Amino acid sequence: MARYHLITIAIAVLLSPAVSAQSADPMVTVEMRQQGFKDMGAAFKGVRDQFRRSRPVMVMIREYSRPLLRYSREPVIENWFPQGTGPGEGIETEALPVIWERPDEFAARWEDYILAAENLQSAVVSGDLEATRERVREMGDTCSGCHDTFREEED
Amino acid sequence: MTGAHVFQRRKVWDLPTRCGHWLLLLLFCGSRWTAENGEMQWHRYMGYVMAGVLVFRLYWGVFGSTTARFKHFLRGPASTLAYTRELRRRARQPAPAGHNPLGALSSTVLLFLLLAQVCLGLLAVDVDGMEAGPLSFYVSFEAGRFAALWHERVFNLLLFFVAVHIIAVMLYWLLGGQNLIVRMISGRDDQPGSATELWFAPLWRSVLGVALAGILVWYLQSLDIPL
Ligand code: HEM
Ligand code: HEM
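Protein sequence lines, in the order shown, are assigned to chains F and S. Using this note's numbering, read the first sequence as starting at 1 and increasing by one per residue. Using this note's numbering, read the second sequence as starting at 156 and increasing by one per residue.
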């Protein structure tokens, strides 16, 4: 049984970029990435909340940081931001057109995030709370660093 | 105005009520400004002070001077309606000491909404999971987002009722030539000599309320632990 599951998952993973990139309806992609980002927001809250306690719990930080690490390993730029999924008719998105005008800069911001996620992972593994706190701060900066330029300001 | 009245200058609002009122206005504008400009640490600080002022106002509404007391100004729907029907005539008469039934309603609604706004803010979290009220770690991301959604909706409600509040004050000015703004600053007004006696709480009574408010503000800011 486990084998079949593995195969199914493998096929799904292999197909997913194709499905999202070629989907007829760009809103499918937009909703997928918004769901992904919300997931990251929720995870970030979980991690950050530990530092609101008098004694942050490392295990909780590790658990909450899992999605943050997982997303850093996804081909997010290709899967979430294909051409044609920017703001336009019938597309509700906060992604700004500048993403597709300056793709290198956008990719660089995502690289910042990947690095921050890896650094956070190492700090968590080391069990050093103060180092982890610093890494969480840095990761927050990579979120804002991208949003400042590439995401629409909320009104 | 009828000639039968003899007017005399007399105290209507005590100092704590006036200070509270203008503090609420300042904090309301400040909260709005800091939220719009992403100054979220200051936004939270203002919220804590707002919570303190509100708690003081509740205390003063029970233990304070006559015109500040809920018992004095909260009217039932019947008398509020009756008053509303005669509004055009009433606005030309001297404003009663303290709140008229409509003013009381608008103040109570504003107080209640501000209280709700502060509570929602304490639980709110932004979409990135970064900026959040100090109590939001007790609730899930989804619940915190829900609080933030209502934080936004209640703010819009507040804008509406603040507008109603200001329009009512303006009408008194335009129709009756009575400046209630000056009255809320100086605390004094020309009242008919026949008006009922008002009691003013000695200032020491406010000390307990200020202490209560202070403890609350101190407690809330102590929960606001930076990353
Ligand atoms: C841990 C770090 C991050 C967190 C917590 C985060 C969180 C979020 C959240 C919650 C949204 C809103 C989704 C919605 O509207 O439903 C969002 C949108 C967005 N983010 Fe991030 N993000 C992070 C990192 C990044 C990075 C590094 C980039 C740039 C490479 C980025 C680019 C964007 C864009 C373009 C949008 C708009 C998407 C759309 O509306 O279609 N984010 N993010
Ligand atoms: C203890 C008190 C308060 C706390 C902790 C607090 C916290 C917050 C938080 C975390 C947000 C961000 C929500 C988001 O981005 O989705 C926010 C937004 C906001 N708050 Fe407060 N707040 C408090 C009191 C107030 C008060 C009294 C007002 C009334 C003027 C106010 C007006 C606003 C406005 C206008 C926004 C922007 C809403 C939007 O995103 O459109 N807040 N507040």
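Cβ atoms here follow ideal geometry from the backbone N, Cα and C, with glycine treated the same way. All values derive from a computational prediction rather than experimental measurement.
{"Item": "Indicate whether at least one CB of chain F lies closer than 9 angstroms to the CB of S/GLY299.", "Value": "yes"}
{"Item": "Would you kindly work out how many angstroms separate the C-alpha atoms of S/TYR203 and S/LEU290, rounded to a whole number?", "Value": "12 angstroms"}
{"Item": "Alpha carbon to alpha carbon, how far is S/PHE228 from S/THR151? Give it in angstroms, no decimals.", "Value": "Since the first residue shown for chain S is 156 and the last is 382, residue 151 of chain S is missing from the structure and cannot be characterised."}
{"Item": "First and last residue of the alpha helix (DSSP H) that includes S/PRO171?", "Value": "170–191"}
{"Item": "Check whether the stretch 96–106 of chain F and the stretch 37–56 of chain F are in contact - that is, three or more C-beta pairs closer than 8 angstroms.", "Value": "no"}
{"Item": "What does F/ASP49 reach in chain S if we use C-beta pairs closer than 7 angstroms?", "Value": "PHE292"}
{"Item": "Counting only the same chain and skipping the five closest in sequence on each side, list residues whose C-beta sits under 8 angstroms from that of F/PHE150.", "Value": "ALA95, LEU96, VAL98, ILE99, PHE106, ARG109"}
{"Item": "Is S/ASP283 close to ligand 1? I mean its beta-carbon at under 8 angstroms from any heavy atom of the ligand.", "Value": "yes"}
{"Item": "Which term fits F/SER20, buried or exposed, when burial requires 16 or more other beta carbons within 10 angstroms of its beta carbon?", "Value": "Confidence at F/SER20 is low in this model, with a pLDDT of 47, below 50, so its placement is unreliable and no value can be given for it."}
{"Item": "So with CB distances below 7 angstroms, who are the chain S contacts of F/ALA42?", "Value": "GLY284, PHE296"}
{"Item": "Determine the contact status of S/LEU182 and S/MET195, defining contact as a CB-CB distance below 9 angstroms.", "Value": "no"}
{"Item": "Nearer than 8 angstroms: is that true of the beta carbon of F/HIS147 relative to any heavy atom of ligand 1?", "Value": "yes"}
{"Item": "Using a Cβ-based criterion (distance less than 8 angstroms to any ligand heavy atom), does F/GLN100 qualify as near ligand 1?", "Value": "Here the sequence assigns Trp to residue 100 of chain F, which means Gln is not the residue at that position. No; taking the cut-off as 8 angstroms, the Cβ of F/TRP100 has no heavy atom of ligand 1 nearer than that."}
{"Item": "Does ligand 2 have even one heavy atom less than 8 angstroms from the beta-carbon of F/GLU94?", "Value": "no"}
{"Item": "Can S/THR239 and S/LEU213 be called in contact, C-beta distance under 9 angstroms?", "Value": "no"}
{"Item": "Considering only their Cβ atoms, is the gap separating S/VAL372 from S/ALA206 smaller than 9 angstroms?", "Value": "yes"}
{"Item": "When the Cα of S/ARG360 is compared with those of S/LYS166, S/TRP168, S/VAL217, which residue comes out closest?", "Value": "S/VAL217"}
{"Item": "Starting from S/GLN196, trace the alpha helix (DSSP H) both ways and give me its first and last residue.", "Value": "195–218"}
{"Item": "Name the residues in the stretch 300–324 of chain S whose C-beta lies less than 9 angstroms from a C-beta of chain A; which are they?", "Value": "Here chain A cannot be found, since the structure's protein chains are F and S."}
{"Item": "Between which residues of its own chain and F/MET156 is the CB-CB distance below 8 angstroms, once the five residues before and five after are set aside?", "Value": "Past the boundaries of the shown model lies residue 156 of chain F; chain F is included only from 1 to 155, so the question cannot be answered."}
{"Item": "What in chain S is Cβ-close to F/CYS143, meaning under 8 angstroms?", "Value": "ASP283, MET285"}
{"Item": "Return yes when the C-beta of S/ARG300 is under 8 angstroms from any heavy atom of ligand 2, and no when it is not.", "Value": "yes"}
{"Item": "Less than 9 angstroms between CB atoms is the rule here; does S/LEU275 satisfy it with respect to chain F?", "Value": "no"}
{"Item": "Can you list, in chain order, the residues of its chain with a C-beta nearer than 7 angstroms to that of S/LEU260? Leave out the 5 residues immediately preceding and following it.", "Value": "THR235"}
{"Item": "So, helix, strand or coil for S/ALA287, using DSSP?", "Value": "strand"}
{"Item": "Any beta carbon from chain F within less than 9 angstroms of S/LEU278's own beta carbon?", "Value": "no"}
{"Item": "Could you tell me if F/GLY84 is buried or exposed, where buried requires 16 or more neighbouring beta carbons within 10 angstroms of its beta carbon?", "Value": "exposed"}
{"Item": "S/ILE336: buried (16+ other C-beta within 10 angstroms of its C-beta) or exposed?", "Value": "exposed"}
{"Item": "In this structure, how does DSSP classify S/GLN346 when only helix, strand and coil are distinguished?", "Value": "strand"}
{"Item": "Would you identify the three-state DSSP class for S/GLN333, choosing helix, strand or coil?", "Value": "coil"}
{"Item": "Relative to ligand 4, is the shortest distance from any of its heavy atoms to the C-beta of F/GLY41 smaller than 8 angstroms?", "Value": "Here the bound small molecules are ligand 1 and ligand 2; ligand 4 is not part of this structure."}
{"Item": "Regarding F/ASP112 and ligand 1, is the C-beta to nearest heavy atom distance less than 8 angstroms?", "Value": "yes"}
{"Item": "Tell me the DSSP secondary structure of F/GLU134 in three-state form.", "Value": "helix"}
{"Item": "Does S/LEU382 have its Cβ less than 9 angstroms from a Cβ in chain F?", "Value": "yes"}
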